[in-house]
Every structure is written in C-alpha cells, then in structure tokens.
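Per the UniProt record's numbering: the sequence shown = residues 1 to 124.
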Amino acid sequence: MVGSTYRELNQKFSACGCFEIGKVSFENQGRSRVMLRNKGLLHVYGEQGTGRFLGAEMIGPGAEHIAHLLAWAHQQEMTVGQMLDMPFYHPVIEEGLRTALRDLESKLKLGHSEIERCQRCPGD
C-alpha cells in the first residue's frame, strides 16, 4: 500500500466521484509469466480533475519495487500523466504499473480539482 487506500478514499469521497481506479492483473503480464510468478493485482488511484496520484494497493511479483516507485511519485505529488512520462523498460514487471496507470488515465476527466469540491461532501 502506498498513499491512500481504496477504503479511505471511498469513505471520504464516494458520494462525489472524486477519484478513479486503474487496475492491472499480473496473470498475463509478460515478465511475470516468464518468471512463473504471474499472479497478483495492482490498483492505482487518481484524482478526477487534476489527475494527481492518490495511492495504490497491490499484491504480486516485485510489489516492493513497484511500491518504492509509487512512494516517490506520491511524495512528489505527481500526476498520472507525469508518472506515465517516466521511462518504463522492457521486459520488466514494472510494465504492469504502466498498464494500470494507462487504465487510470483513460478514466480521468481532467480540469479543476474535484477533491476541493469533495471537501463539502457528506462523506467527510
């Protein structure tokens, strides 16, 4: 886990739809299959409006390495777009992170911060 969990985000912001989820399964991920460790999931969370990376939860191969990268991104308050601009090498397990981030980016509606608006949500 890095940053906010799904439970935390859902409790705080579920009423206003301020965040989105990107997902990837490691079941069919190339490097994981080669290593015979192709089990696990990664969920990444981003803010609607700004695209800011909010957190992630994962279990799977190389999760500690992916968590390290995500902790840096969270500390720097990076957006999903900025994270995707970083290099992803091939073939590595971290390519699964790129897949999850792409999934998340495709669901985000960028513009104004939704979490600021959500501060007035009844879920607070």
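Idealized CB from N, CA, C, for every residue including glycine. As the structure is a computational prediction, the values presented were derived from the model and not from experiment.
Does DSSP put residue i in a helix, in a strand, or in coil?
{"i": "residue 92", "result": "coil"}
{"i": "residue 116", "result": "helix"}
{"i": "residue 13", "result": "helix"}
{"i": "residue 105", "result": "helix"}
{"i": "residue 86", "result": "coil"}
{"i": "residue 5", "result": "coil"}
Please report the straight-line C-alpha distance between residue i and residue j, rounded to a whole angstrom.
{"i": "residue 81", "j": "residue 68", "result": "18 Å"}
{"i": "residue 50", "j": "residue 20", "result": "11 Å"}
{"i": "residue 124", "j": "residue 18", "result": "With a pLDDT of 45 at residue 124, under the threshold of 50, the modelled position of that residue is not reliable, and the figure given next carries that caveat. C-alpha separation (whole angstroms): 13 Å."}
{"i": "residue 48", "j": "residue 92", "result": "29 Å"}
{"i": "residue 83", "j": "residue 42", "result": "15 Å"}
{"i": "residue 73", "j": "residue 15", "result": "27 Å"}
Could you tell me if residue i is buried or exposed, where buried requires 16 or more neighbouring beta carbons within 10 angstroms of its beta carbon?
{"i": "residue 45", "result": "buried"}
{"i": "residue 100", "result": "buried"}
{"i": "residue 77", "result": "exposed"}
{"i": "residue 102", "result": "exposed"}
Which residues does DSSP pair with residue i in a beta bridge?
{"i": "residue 23", "result": "43"}
{"i": "residue 49", "result": "110"}
{"i": "residue 58", "result": "42"}
contact_flag[the segment 30-46, the segment 60-78] where n(CB pairs < 8 Å) is 3 or more
yes
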